[in-house]
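Participant: 447 is the number that my numbering gives the last residue of the sequence shown; the numbers go up by one with no jumps.
Ideal placement from N, C-alpha and C gives every residue a C-beta, glycine not left out.
Fair warning: this is a prediction, and the values are worked out from it, not measured in the lab.
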Amino acid sequence: MVKHRRILVGIGGGIAAYKVCEVVSTLAKTGAEVRVLLTHSAQQFVSPLTFATLSRHPADTDDTFWNPQQGRPRHIELGEWAEVFLIAPLTANTLGKLAHGLADNLLTNTVLASTCPVLLAPAMNTDMWEQVAVQRNWQQLLTDSRYHSLNPGAGILACDRIGKGRMAEPPEIIAHLQSLLYQPQRDLQGKTILLSAGGTREYLDPVRFIGNPSTGKMGIALAQAAQHRGATVTLVHAPIEDHLLALIPEVRRVPVTSAAEMQRAMLSHFPLADWTIMAAAVADVSPATYSSEKLPKRSLPTQLPLASVPDIVADLGQRKQPHQRLIGFAAQTGDIVAPALEKMQRKGLDAIVANPVDLPNSGFGSEQNQAIVLDKQGKKVAIAPCSKLLMAHQILDFVKS
Ligand code: PMT
47 MVKHRRILVG
57 IGGGIAAYKV
67 CEVVSTLAKT
77 GAEVRVLLTH
87 SAQQFVSPLT
97 FATLSRHPAD
107 TDDTFWNPQQ
117 GRPRHIELGE
127 WAEVFLIAPL
137 TANTLGKLAH
147 GLADNLLTNT
157 VLASTCPVLL
167 APAMNTDMWE
177 QVAVQRNWQQ
187 LLTDSRYHSL
197 NPGAGILACD
207 RIGKGRMAEP
217 PEIIAHLQSL
227 LYQPQRDLQG
237 KTILLSAGGT
247 REYLDPVRFI
257 GNPSTGKMGI
267 ALAQAAQHRG
277 ATVTLVHAPI
287 EDHLLALIPE
297 VRRVPVTSAA
307 EMQRAMLSHF
317 PLADWTIMAA
327 AVADVSPATY
337 SSEKLPKRSL
347 PTQLPLASVP
357 DIVADLGQRK
367 QPHQRLIGFA
377 AQTGDIVAPA
387 LEKMQRKGLD
397 AIVANPVDLP
407 NSGFGSEQNQ
417 AIVLDKQGKK
427 VAIAPCSKLL
437 MAHQILDFVK
447 S
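See the structure below:
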């Protein structure tokens, strides 16, 4: 999603600048064109040489404000060049200047001389972040649709405080940059989107369950894409690893374990949802009995009696109002289209994502995915193998259209 794309990175004066080294390094390694500029204070924490090495291009500072070789002001050149502008860490000082349209260094002049989306990743001490003036500036800045925010998280800060002010982590920053390069507008603002993700578990006793290999990556990617595009997102999810959940700190999450719990959660959020996308791999059956004590090995049945579990999306299909859109996934092997069409009709869906799970780099657990998306009007769009985030954006485009 970033190959050959032009990403400008402005570094502010804060210790979190060290984390931006990883962002720049990852972007450059994945083929993006990256240019870095540092404020005077940023250079107290990291050097231009660090970023020149990581980005494979000389880094700019206030000393290169005027480019003698090209004869054009550097802030104009960089501003015209950038497709997206990341400012990280965003300090209280730079935040204040941007909120008031001030420009007294290369970074702030370049912001004013550019028109691309700007992704802001603030980082500062908790008391600084919570100052009325800082919060006023932050809210003021976000009224401008050009600015996109990565709100700081809570944790142990470099000043030993525990509180809000930690800069977003590199994977979260990179995903948001990818989304902005795909869709620079908040085109889903005002939409409420309900998603499900992960594999439900049906327990036989406290330690044994019937499950499946879903990691939740596809559902997390849908949540990221929808949230980056301005939607209000709720994700109902079966157990998912913490490092994946950390990618969506701003998304409302409802953790569940079994299909019955997922059904209750989906039913309670469904009435307010404009779009519902069911990417979870829900168990079709559960053990017919449950033992609250761990069964000794000798007591395990040689044949396991099974009971059926509710079909959540089919239930939602019956409750759907005319203004709502309901999209399912179909995890298939072999022929993917015919069984997906059958599921779409039987479950009362508006569209279905036919997902091959027997191909390399596709389906359960992989970083990539591919699909054929079908709707009940007969529209059919193939999504070629790509990252799950890119596939998520294409699914949202399909539903939007
Ligand atoms: O999580 P990852 O590791 O990233 O993997 C992604 C994925 C492969 C799980 C995902 O892309 C996917 O295909 N999800 C759907 C898996 C599935 O359960 O498919 P299905 O064909 O069995 O079910 C069809 C639809 O009915 C699905 O939308 C499913 O959520 C829903 N369903 C199924 C059973 C049930 N009891 N209730 C349901 O709502």
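Spatial neighbours of T76 within its chain, please: C-beta separation below 6 Å, excluding the five flanking residues on both sides.
Facilitator: The residue you call residue 76 lines up with position 30 of the sequence shown. Taken in chain order, the residues that qualify are V48.
Participant: Quick test of your reading: R310 and L281, contact by CB under 8 Å. State the CB separation rounded to the nearest angstrom.
Facilitator: In the sequence shown, counting from the first residue as 1, residue 310 sits at position 264. In the sequence shown, counting from the first residue as 1, residue 281 sits at position 235. So it is not a contact: roughly 15 Å between Cβ atoms.
Participant: Flag T261 as yes when its Cβ comes closer than 7 Å to any non-hydrogen atom of ligand 1, and as no otherwise.
Facilitator: Numbered from its first residue, the sequence shown carries residue 261 at position 215. True, at least one ligand heavy atom lies under 7 Å from that Cβ.
Participant: So what does DSSP say about K237, is it helix, strand or coil?
Facilitator: Within the sequence shown, numbered from 1, the residue matching residue 237 stands at position 191. K237: coil per DSSP, three-state reduction.
Participant: In whole angstroms, what is the alpha-carbon distance linking L124 and K210?
Facilitator: For the purposes of this step, residue 124 is taken as residue 78 along the sequence shown, with counting starting at 1. For the purposes of this step, residue 210 is taken as residue 164 along the sequence shown, with counting starting at 1. Whole-angstrom Cα-Cα distance: 32 Å.
Participant: Give a yes or no on whether the C-beta atoms belonging to A384 and A376 are separated by under 8 Å.
Facilitator: Residue 384 sits at position 338 when you count from the first residue of the sequence shown. Residue 376 sits at position 330 when you count from the first residue of the sequence shown. Taking the C-beta atoms as reference points, A376 is found no nearer than 8 Å to A384.
Participant: Express the C-alpha separation of L73 and K426 in angstroms, rounding to a whole number.
Facilitator: Counted from its first residue, the sequence shown places residue 426 at position 380. Counted from its first residue, the sequence shown places residue 73 at position 27. If you take the alpha carbons of K426 and L73, they lie about 33 Å apart.
Participant: Would you say the beta carbon of A306 is closer than 7 Å to some non-hydrogen atom of ligand 1?
Facilitator: On the sequence shown, residue 306 is found 260 positions in, with the first residue counted as 1. No, the beta carbon of A306 sits no closer than 7 Å to any heavy atom of ligand 1.
Participant: Going by the C-beta, is D173 closer than 7 Å to any heavy atom of ligand 1?
Facilitator: Position 127 of the sequence shown, counting from 1, holds the residue named residue 173. Checking the Cβ of D173 against ligand 1 gives no.
Participant: What first and last residue would you give for the alpha helix (DSSP H) that runs through R343?
Facilitator: Stepping through the sequence shown from its first residue, residue 343 is reached at position 297. The identity of residue 343 in the sequence shown is Lys, whereas the question assumes Arg. Looking at the DSSP string, K343 is not in any alpha helix (DSSP H), and its letter there is neither H nor E.
Participant: Would you mind giving the Cβ-Cβ distance between G244 and A326, rounded to the nearest angstrom? I have them listed as a contact below 8 Å.
Facilitator: The residue you call residue 244 lines up with position 198 of the sequence shown. The residue you call residue 326 lines up with position 280 of the sequence shown. Their Cβ separation, rounded to whole angstroms, is 6 Å, which keeps G244 and A326 in contact under 8 Å.
Participant: Could you check the C-alpha separation between Q229 and V359 for me, to the nearest Å?
Facilitator: Residue 229 sits at position 183 when you count from the first residue of the sequence shown. Residue 359 sits at position 313 when you count from the first residue of the sequence shown. Rounded to whole angstroms, Q229 to V359 spans 29 Å at the Cα level.
Participant: Are three or more beta carbon pairs between the region 170 to 179 and the region 136 to 146 nearer than 8 Å?
Facilitator: yes
Participant: Going by DSSP, what residue range makes up the beta strand (DSSP E) through M324?
Facilitator: Within the sequence shown, numbered from 1, the residue matching residue 324 stands at position 278. That run of the beta strand (DSSP E) goes W321 to M324.
Participant: CA-CA distance, D421 and T322?
Facilitator: In the sequence shown, counting from the first residue as 1, residue 421 sits at position 375. In the sequence shown, counting from the first residue as 1, residue 322 sits at position 276. Going from the Cα of D421 to the Cα of T322 covers about 14 Å.
Participant: Within 8 Å, do at least three Cβ pairs link the region 201 to 219 to the region 245 to 262?
Facilitator: They do not touch, by the three-pair rule.
Participant: Output the distance between the C-alpha atoms of K324 and L372, rounded to the nearest integer angstrom.
Facilitator: Translated into positions along the sequence shown, residue 324 becomes position 278. Translated into positions along the sequence shown, residue 372 becomes position 326. Note on identity: in this sequence residue 324 is Met, with Lys being the wrong assignment. If I take the Cα positions, the gap works out to 8 Å.
Participant: Are the beta-carbon atoms of L435 and A271 separated by less than 8 Å?
Facilitator: Locating residue 435 in the sequence shown gives position 389, where the first residue counts as 1. Locating residue 271 in the sequence shown gives position 225, where the first residue counts as 1. Yes; because the gap between Cβ atoms is below 8 Å, this pair is in contact.
Participant: Could you pull the start and end residues of the beta strand (DSSP E) that G117 belongs to?
Facilitator: Indexing the sequence shown from 1 puts residue 117 at position 71. DSSP places G117 in no beta strand (DSSP E); its state is neither H nor E.
Participant: Whose C-alpha, out of F316, L165, D150 and D108, is nearest the C-alpha of V55?
Facilitator: The sequence position of residue 55 within the sequence shown is 9, counting from 1. Ranking F316, L165, D150 and D108 by Cα distance to V55 puts L165 first.
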